[in-house]
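Basically our numbering = 1-based index in the sequence shown + 96.
Note that beta-carbon positions come from the ideal geometry of N, C-alpha and C, so glycine has one too.
What follows is one structure encoded as structure tokens, with my remarks underneath.
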Amino acid sequence: MPGRYGPQHGGLRGRGRGRRIINYLQPCLLLMLSRENAHGYNLAAGLEEFGFVPDQYDSSLIYRALREMEEEKLVLSQWDEDSLGPKRRVYNITPLGRQYLDEWMQDLERLQVEINTLMREYNKLVNKKGE
């Protein structure tokens, strides 16, 4: 199983609302590919569902992530010979990619519990100061 991805290996970048767990892109792409095979362009468009704003990231990150995941055997691609215009790659998730996505979701569920605890304790502190 690839070990360099996932929330346990990531950090935060940016400030405020722009914070993202590094490599949050991979599970988003894998989830979309679990729904249906897709071209990189369609995957890029679908990222808005997960809070990615197109003008706030370089679209080359998507293709880099797809290449890395293909090297890790999480996704496969093939040329779409049937599309109009230039040939484009169609990506699909592998069984290893599904397993990796499941592990990501388990990690995020644990992280969500930790975040909820942190927020609850922070809110107690803030409310106490306001008294």
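- Sorting Y159, C124, L121 and N133 by C-alpha distance to the C-alpha of T190 places N133 at the top.
- DSSP, read as helix, strand or coil, puts S155 in coil.
- Taking the C-beta atoms as reference points, L157 is found no nearer than 8 Å to L127.
- Excluding sequence positions up to five before and after E166, its CB lies within less than 7 Å of the CB of L172 and S173, all in the same chain and listed in chain order.
- Relative to the Cα of F148, the nearest Cα in the group L197, C124, R131 and G181 belongs to C124.
- By a beta-carbon distance limit of 8 Å, R160 does not contact W175. Their separation comes to about 19 Å.
- The criterion of a C-beta distance shorter than 8 Å is satisfied by L192 and L170.
- L129 is not a Cβ neighbour of N223, given a cutoff of 8 Å.
- Counting other Cβ atoms within 10 Å of its Cβ, L197 reaches 16 or more and is therefore classed as buried.
- Under DSSP, the beta-bridge partners assigned to L172 are N188.
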